[in-house]
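In what follows, a structure is listed as structure tokens, so that the remarks can point back to it.
In the numbering used here, the protein residues as written are 586 to 853.
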């Protein structure tokens, strides 16, 4: 993304106003600046995958991400039907295409390491589909807020995990979490709607708070249901977190959500 102060880059500008720099975002390395990676984070995939439990955790992670990207593609394509203008419809179609490209990369990676992509994704389909059913937007603006807030919470979570992955997997995960342009688009449209009708802000703030709660609950359920992933988070794999660090992780995600709400012009 470019960083010039234009409408196309409203998200970056708004994040600056909210006080968030790239170094503040969830998922930054827990190591000191300039320090070399250690443990699994310093290994490549072939070396790290010799541990079968680590391999299982990564397959779960890639499966969850792949299904999430596929679901994002479907949702954006559906949201395009709510777009008020042809320009907006085309913009969402472009973002949907980017999400599908991310899905293809994850699918291909799973196949390259000898896993069946559909089998890796299947355990996460019900939880993610349930989340999307429970948070179906009622209009165009709610759809934009969901994509900006909901997807960002998921991305923050995966970036936190990525800091503990082997170098090859970490690079792939961070690349597919790159912003597809939805952030700046959503911020621009939502802020303009609130400026035109300030009453919209209260409704969207309540909606965003609901999304936050549902997204965190869904992430916790997914991790709890998958032993390898939970082990990665609470210790024993990939320089894993301890329970206190898990709490700090979710605190960082919550803080990032508050900043995004400010970028949208909404109260957290």
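For every residue, glycine included, the Cβ atom is placed at its ideal position computed from N, Cα and C.
Inter-residue Cα distance where the pair is residue i and residue j
i           : j           : result
residue 655 : residue 800 : 17 angstroms
residue 701 : residue 779 : 46 angstroms
residue 635 : residue 831 : 26 angstroms
residue 714 : residue 762 : 20 angstroms
residue 844 : residue 837 : 11 angstroms
residue 684 : residue 782 : 31 angstroms
residue 852 : residue 798 : 15 angstroms
residue 708 : residue 692 : 15 angstroms
residue 665 : residue 676 : 8 angstroms
residue 711 : residue 630 : 29 angstroms
residue 752 : residue 739 : 21 angstroms
residue 772 : residue 766 : 10 angstroms
residue 695 : residue 764 : 22 angstroms
Cβ-Cβ distance between residue i and residue j below 8 angstroms
i           : j           : result
residue 848 : residue 749 : no
residue 789 : residue 726 : yes
residue 688 : residue 649 : no
residue 647 : residue 705 : yes
residue 732 : residue 814 : no
residue 674 : residue 668 : yes
residue 846 : residue 745 : no
residue 747 : residue 734 : no
residue 755 : residue 645 : no
residue 729 : residue 679 : no
residue 741 : residue 633 : no
Assigned exposure category for residue i - 16 Cβ within 10 Å defines buried
i           : result
residue 723 : exposed
residue 671 : exposed
residue 658 : buried
residue 768 : buried
residue 787 : exposed
residue 784 : exposed
residue 793 : buried
residue 642 : buried
Coil, strand or helix - residue i by DSSP
i           : result
residue 729 : helix
residue 744 : helix
residue 670 : coil
residue 699 : coil
residue 634 : coil
residue 721 : coil
residue 852 : coil
residue 765 : coil
residue 751 : coil
residue 782 : coil
residue 628 : coil
residue 811 : coil
Distance between beta carbons of residue j and residue i, contact taken as under 8 angstroms
i           : j           : result
residue 805 : residue 716 : About 12 angstroms; that fails the 8 angstroms criterion.
residue 638 : residue 816 : 7 angstroms
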